[in-house]
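Numbering (full-length UniProt numbering), first residue to last: 1 to 121.
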Amino acid sequence: MLITPAYAQAAGAGDTNSMLMSLLPFALIFVIMYFLILRPQQKKVRDHADLVKNIRRGDTVVTSGGLVGKVTKVVDDDQIEFEISDGVRVRQMRQMISGVRAKGEPAKESKESAKDDTAAK
1 MLITPAYAQA
11 AGAGDTNSML
21 MSLLPFALIF
31 VIMYFLILRP
41 QQKKVRDHAD
51 LVKNIRRGDT
61 VVTSGGLVGK
71 VTKVVDDDQI
81 EFEISDGVRV
91 RQMRQMISGV
101 RAKGEPAKES
111 KESAKDDTAA
121 K
């Protein structure tokens, strides 16, 4: 015969174990990247959203531009108004707040609403 034994053998269909071992490093890198980069970033975004959502009057805030001021009014879900100096008030988008330095006291009741409550009882 003219066909050598090397040509006569069936060609290997590929070992599935070998293919799995070649893809394992890529999967391992993805898992490491998820736990070292993606999860902490998602937590940071979630914490910032909670911080922005809980801003109220009297809080001392720091903007992403570096301004520090005291919140005088929560305009709506997107904007707040804060005072950076005596009589100087600025409106700012909530998402641009980078931190809250000091939590303010809750707004005190006015004397008229306190009188109405006692008169109703």
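By construction, the Cβ of each residue, glycine as well, lies at the ideal position given by its N, Cα and C atoms.
If you check the beta carbons only, do residue i and residue j fall under 8 Å apart?
i   : j   : result
A71 : D86 : Residue identity check: residue 71 is Val in the sequence provided, not Ala. It is not a contact, given that the beta carbons lie outside the stated cut-off.
G65 : F82 : no
V61 : I55 : yes
Q79 : V52 : no
I84 : V90 : yes
Would you give the residue range spanned by the alpha helix (DSSP H) that residue i belongs to?
i   : result
K44 : R39 to K53
L31 : Note on residue identity: the sequence assigns Val, not Leu, to residue 31. V31 -> alpha helix (DSSP H) spans T16 to M33.
Just list the residues that DSSP pairs residue i with in beta bridges.
i   : result
K70 : T60 and E83
R91 : E81
Looking at the secondary structure, which residues open and close the beta strand (DSSP E) in which residue i lies?
i   : result
G99 : I97 to A102
For a test of your reading of the model: does the CB of residue i fall under 7 Å from any non-hydrogen atom of the ligand GTP? Yes or no.
i   : result
D59 : This structure simply doesn't include the ligand GTP, nor any ligand for that matter.
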